[in-house]
Each structure stands twice: as C-alpha cells, then as structure tokens.
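Here the structure comes first, spelled out in structure tokens, and everything after it is commentary.
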Amino acid sequence: MIKVLIVDDSKIMRNAVSVRIKECGFKVIGQAENGHEAITKFRLLKPDIVTMDITMPEINQINDGIAAVREIKKIDPNANIVMITSHGEEKKVMDAISAGARGYILKPVTTQQIRKVFRKLREKLVVEKKGSTISYSIGNLNIDDNGESVNAVQT
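Residue numbers (the numbering used here): 32 to 186.
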C-alpha cells in the first residue's frame, strides 16, 4: 500500500487531506505540522509520497515548505513530494518545483486532484535503461488513464 506523509501547519487541513488520501486507497503513515517535523518524520517513516503545504511558519531555520523540500531531497533525491497551495502562489509553486517537488495540488484538495497528481507521479517514474524502457510504480500504484480510479495493491 502507498504510504503518505501529510505536512501542513493547519490541523484542519491535515485532517481534510488525510480523508481524501484514504478515500483514494492510500495509507497515511504520519502527519507533521511544520517543515522541521516533516524532515524528522520523513527520515523515520520513509513515506512513498509526501504532501507538503507550501507556506508554513519558521521552525529551526526551516522557514516554509520549500525549504523542507530542499532538505528532504538532500536525504533522498528520489523523494516524491507534492505541494499543496492556494491560488495566487504561482511563484512559490515554481520555486518548489525547482527545489525538487514533483507536482502540486490547489486548495481545496479533492479526491480527484489527488488521483490525478499521483497518476502523474507514476507516469514520471519511467526511465531509460540499456535501450529499453522500464516503468516503475510507487508501491504497485495502479491508476487508470483518466485518473478516476486508484487501486493501491498491498505488497
């Protein structure tokens, strides 16, 4: 089953995102309320995907979600981080992508958005090796081409 870490300074938002992720058939393995806690839990829990609020208060010199993305990518360059953001934060979204985030979801978060973005993550995990294409999925993630149906198979 796909393991997800949710990072947001708002408990209400963490709970809302958690409900949507569970509706998609994924497992929420942890929540963090700031970037510093996200880094600690990332090391400990080793999630398949991290959802990260883009704007959070500064804790221990980690001043927002973008700084946390940079630190997590130092730990694991292949980390799958999806930013959660409000309208009007396009510059921050581009900064987050430059820092290593692999996608973003606009608030309010819906189940359909999660399915679509997680499907896009899967599509990006295709690599060329010795002249043949090998597809890798995140923990046996199976999503249809419309992003409408998610089936996380337990390994």
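The beta carbon of each residue, even a glycine, is placed where N, CA and C say it ideally should be.
Query raised in the report: From residue 123 to residue 117, what distance separates their C-alpha atoms?
Result: 10 Å
Query raised in the report: So, using beta-carbon positions, are residue 115 and residue 138 closer together than 8 Å?
Result: yes
Query raised in the report: Touching or not, the segment 40–57 and the segment 126–145, by the rule of three or more beta carbon pairs under 8 Å?
Result: Under the three-pair Cβ rule at 8 Å, the segment 40–57 counts as touching the segment 126–145.
Query raised in the report: By a C-beta neighbour count over all protein chains shown, 10 Å radius and 16 as the cutoff for buried, is residue 74 buried or exposed?
Result: exposed
**Report entry** Beta-ladder partner(s) of residue 137, from DSSP
**Finding:** 116
Query - For residue 146 and residue 55, the rounded distance between their alpha carbons - result: 7 Å
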